[in-house]
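Read the structure below first, then the notes.
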Amino acid sequence: MTMIVEASAVKPANLKADHLAQDQSTTTTVGEISSPNPRMVCRDINVWYNNNHAIKHVSLDIGKNEVIAMIGPSGCGKSTFLRCLNRMNDTIPAARVEGSITLDGQEIQDKGIDVVPLRARVGMVFQKPNPFPKSIYENIAYGPRIHGLTNSRAELDELVETSLQRAGLWKEVKDRLDAPGTGLSGGQQQRLCIARTLSVSPEVILMDEPCSALDPIATAIIEDLIDELRQQYTIAIVTHSMQQAARVSQRTAYFHLGDLVEVGTTDDIFNQPKHKLTEDYITGRFG
Amino acid sequence: MSPSLLLFIILAAMALAYHLGRKRAIGVAGGLKKINRLHSLPAYYGFYAALWVGLPTLLLLLFWAGLQDHILTALTLAELPAETMANLSEGQLSLLVSDIRNLASGNLMGREPSAEVEVAAAHYLRLQGIANITLWTLVGAMALAGMAWAWQRTTPSFRARNRVESIVMILLILFSSIAILTTLGILLSVLFESIRFFQKVPWTEFLFGTQWSPQIALRAEQVGASGAFGAIPLFTGTLLVSFIAMLLAVPVGLLSAVYLAEYAPRAVRTWAKPVLEILAGIPTVVYGFFAALTVAPFMRGLGESVGLDIASESALAAGLVMGIMIIPFVSSLSEDVINAVPQSLRDGSYALGATQSETIRRVIFPAALPGIVGGVLLAVSRAIGETMIVVMAAGLAANLTANPFESVTTVTVQIVTLLTGDQEFDSAKTLAAFALGLTLFVVTLILNVIALHIVRKYREQYD
């Protein structure tokens, strides 16, 4: 409980003046929130669940071809923030999102924006593998079909194959594409879900604790995959494992009770955290 | 000295035994402060004593109540003069027995009893008095013995809790087997009567004959008394009415389930769902006269206005009203199944950019389909077994037709007409009802088994 009081009361001394200082943030973020080559730009994001202020004045850039990790204790709002990026919070009736989020310079927060193409451009992989109760082939073909991406069965076959190859699953399943997706192992199911996300050619992939339901070997395979995918995609990953954040990400953002406390390169965050809360968390004093 | 008084006394004795058993346990342990020396809590020793006092005496009472009359009657009849007995038929004998019993309980009305009966009744009363005293003595002795047994067993190391729990488990098994045994009993009674029917009428004629006219001639020259038992027109009538009902209930129920589960705001759901379920609470007889007095004339009028000839008792009217009755089954079961589809599947679909309708059509609906099929099959078996609506609205004429505007009759309607009123129980006409009931039972049983199997298979997929 003492840490909670501190979180809103402490104003770190070594504040870096950034261009959002005029906003009435409860906590001002330490570190460089902007990216030289941004894919998504979020400014002053607030999220409420009914009256619960879940995200408070968060501003953050997500750079092209980088993996950004979001860490923090449970309930800190990192998953909620991630769900803002493809407007998945729309599916929760009680949630209300304010602020500006742009994708390639285009605002996505307007009510008039159609979430269908947005979600095709910003894909999402969930905590628990959630393959549809269909065949492996149909799981991948689902997205291209609803978006009308292919014109013939041959094209669709090819798209399914390349998606599975990129997700590193092709060799394991190429002989049983008609088998149900739910029959795969947990790690394979998660790679199937990644392949499903890749099938609609997204620019950004959001991953919400993608390895928390997997064993260490499956986790290692997915982490290698994330590193490969970085060449073509922008990836934002929420994780509970600090080792995972250190292994896969280039930048790390530390959330605490709805505040974005500190952002920086992964090296800096883990080796020389500037904020006391960040330091306490990554040295394992709480969380 | 009535059995109910005895029952009450046994219950009081059980309460006393509980109290004594508990006290005894505390005493054995050496006072309230040392009850942790006991294996179980003191109350379990009390329950143990109460069960030992109550169960044997209650069982005795039950057997006594079942057997007393038979034994007393047999003893009384044995005292009657042999020549009187020899001349009596079975019917006269039972009349005599009831005379004796009525006189013994002082209820013999209107007739002056014969001397024989008076003697027998006096004998009966005397025997009854002896039996009562014996019963009370036995009950008292068994209660005391039970208490003594429990008293002597109560030691600190005695596992009273385990004993009480195993006795309770046996009681639970007994009670749960009542429902199963009842089902079995119904099935067997229907089965035996059906076998009698099939001895009179070959089962091939019953299952494949197309002529249904169950009246059997009392006189040889009687008109229209052919006595044909071909049940095909009944089966087709049942199927036609059920089919019309499902034609209405499945789409309406399913679509309203989709709306309630996926689209409706919480406020709408909170009042729409109970309102829909009120439909399931309307007595079927109310649906019946709604069908017969409102829907059927309306249909006939509608038919006349477009030049169609619709019978006053049409399959259409009965089927439509039955469909309305079944809507809540379909919608409620389907909504449960749709809600049971994990949110993660919806999220996965939305995250790929699918719209709500695409998600419902391509992900939720296929995932929920087995459960929906199960729900629909349960509704079908409900439709096939439904009686009141068709009795009032479908008619009695066994027409072999697929035309919904004509009057048809169903299996259930025929069972009702065959068994209501004064009937002799040895004619094929009456026994036919049991054969029809058996057929109905088998068909709905098969449907239910399939439905439950599908529902269970579906559940395994996500648990």
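Residue numbers (the numbering used here), protein chains in the order written: chain A, 1 to 287; chain B, 1 to 463. Even glycine gets a Cβ: it sits at the ideal position worked out from N, Cα and C.
- Message: Can you check whether the C-beta of residue 179 (chain A) is within less than 8 Å of a C-beta belonging to chain B?
- Response: no
- Message: If we define contact as Cβ-Cβ less than 8 Å, is residue 358 (chain B) a contact residue for chain A?
- Response: yes
- Does DSSP put residue 255 (chain A) in a helix, a strand or coil? strand
- Message: Can you look up residue 102 (chain A) in the DSSP assignment and give me helix, strand or coil?
- Response: strand
- Please work out which residues of its chain come closer than 7 Å, Cβ to Cβ, to residue 188 (chain A), disregarding the five sequence neighbours upstream and downstream, and give them in chain order. 169 and 172
- Under a CB-based cut-off of 8 Å, is residue 269 (chain B) close to chain A? no
- Task: Could you give the DSSP three-state label for residue 107 (chain B): helix, strand or coil?
- Result: coil
- Task: Taking residue 253 (chain B) and residue 331 (chain B) to be in contact with their CB atoms under 8 Å, please state how far apart those CB atoms are, rounded to whole angstroms.
- Result: 4 Å
- Task: Pair every Cβ in the region 367-384 of chain B with every Cβ in the region 394-409 of chain B, then say whether three or more of these pairs are closer than 8 Å.
- Result: no
- Query: How would you call residue 19 (chain A), buried or exposed, if buried means at least 16 neighbouring beta carbons within 10 angstroms?
  - Reply: For residue 19 (chain A), the predicted structure reports a pLDDT of 38, less than 50, and the residue's modelled location is therefore unreliable. A value from the coordinates is still provided. The residue is exposed, with fewer than 16 neighbouring Cβ atoms inside 10 Å.
- Task: Find the residues of chain C that neighbour residue 363 (chain B), judging by a C-beta separation of less than 9 Å, and give them in chain order.
- Result: You won't find chain C in this structure, because its protein chains are A and B.
- Message: In the DSSP output, what is residue 229 (chain B) paired with across the bridge?
- Response: B:212
- Looking at the C-beta of residue 111 (chain A), does it have a partner C-beta in chain B at a distance below 8 Å? no
- Item | Length of the line joining the Cα atoms of residue 14 (chain B) and residue 124 (chain B) | 33 Å
- Is the CB-CB distance between residue 63 (chain A) and residue 38 (chain A) below 8 Å? yes
- Message: Less than 8 Å between the beta carbons of residue 220 (chain A) and residue 129 (chain A), yes or no?
- Response: no
- Item | Cβ contact check for the region 389-408 of chain B and the region 360-376 of chain B: 3 or more pairs under 8 Å | no
- Task: Just list the beta strand (DSSP E) runs in the region 198-279 of chain A, keeping only unbroken ones of 3 residues or longer that don't cross its boundaries, in chain order.
- Result: 204-208, 234-238, 251-256 and 259-265
- Tell me residue 40 (chain A)'s beta-bridge partners as DSSP assigns them. A:62 and A:103
- Item | Inter-residue spacing [alpha-carbon to alpha-carbon] between residue 113 (chain B) and residue 104 (chain B) | 11 Å
- Item | Per-residue burial, residue 270 (chain B) [other beta carbons within 10 Å of its own, 16 or more giving buried] | exposed
- Task: Taking residue 249 (chain B) and residue 318 (chain B) to be in contact with their CB atoms under 8 Å, please state how far apart those CB atoms are, rounded to whole angstroms.
- Result: Not really, about 13 Å apart at Cβ, beyond 8 Å.
- Item | For residue 96 (chain A): DSSP bridge partner residues | A:48
- Anything in the region 57-90 of chain A with a Cβ closer than 7 Å to a Cβ of chain B? List those residues in chain order, please. 86 and 88
- Which same chain residues, not among the five before or five after residue 48 (chain A), have their C-beta less than 6 Å away from its C-beta? 96
- So does the region 133-140 of chain B actually touch the region 274-287 of chain A, counting three or more Cβ pairs closer than 8 Å? no
- Rounded C-alpha distance that separates residue 5 (chain B) from residue 12 (chain B): 11 Å
- What is the DSSP secondary structure of residue 288 (chain B), counted as helix, strand or coil? helix
- Query: So, residue 133 (chain A) versus residue 182 (chain A), is the Cβ gap smaller than 8 Å?
  - Reply: yes
- Query: How far does the beta strand (DSSP E) with residue 402 (chain B) in it reach, from first residue to last?
  - Reply: Unbroken run through residue 402 (chain B): none, as it is neither H nor E.
- Query: Short check: CB of residue 195 (chain A) to CB of residue 149 (chain A), under 8 Å?
  - Reply: no
- Under 7 Å by beta carbon: chain A residues contacting residue 354 (chain B): 146
- Query: Do three or more CB pairs link the region 198-214 of chain A to the region 235-251 of chain A at distances below 8 Å?
  - Reply: yes
- Query: From the DSSP output, which residues share a beta bridge with residue 70 (chain A)?
  - Reply: A:238 and A:253
- Message: Distance check for residue 38 (chain B) and residue 335 (chain A), CA to CA, integer angstroms please.
- Response: Lying outside 1 to 287, the shown extent of chain A, residue 335 (chain A) is not represented and no answer is given.
- CB residue 99 (chain A) to CB residue 109 (chain A), shorter than 8 Å? yes
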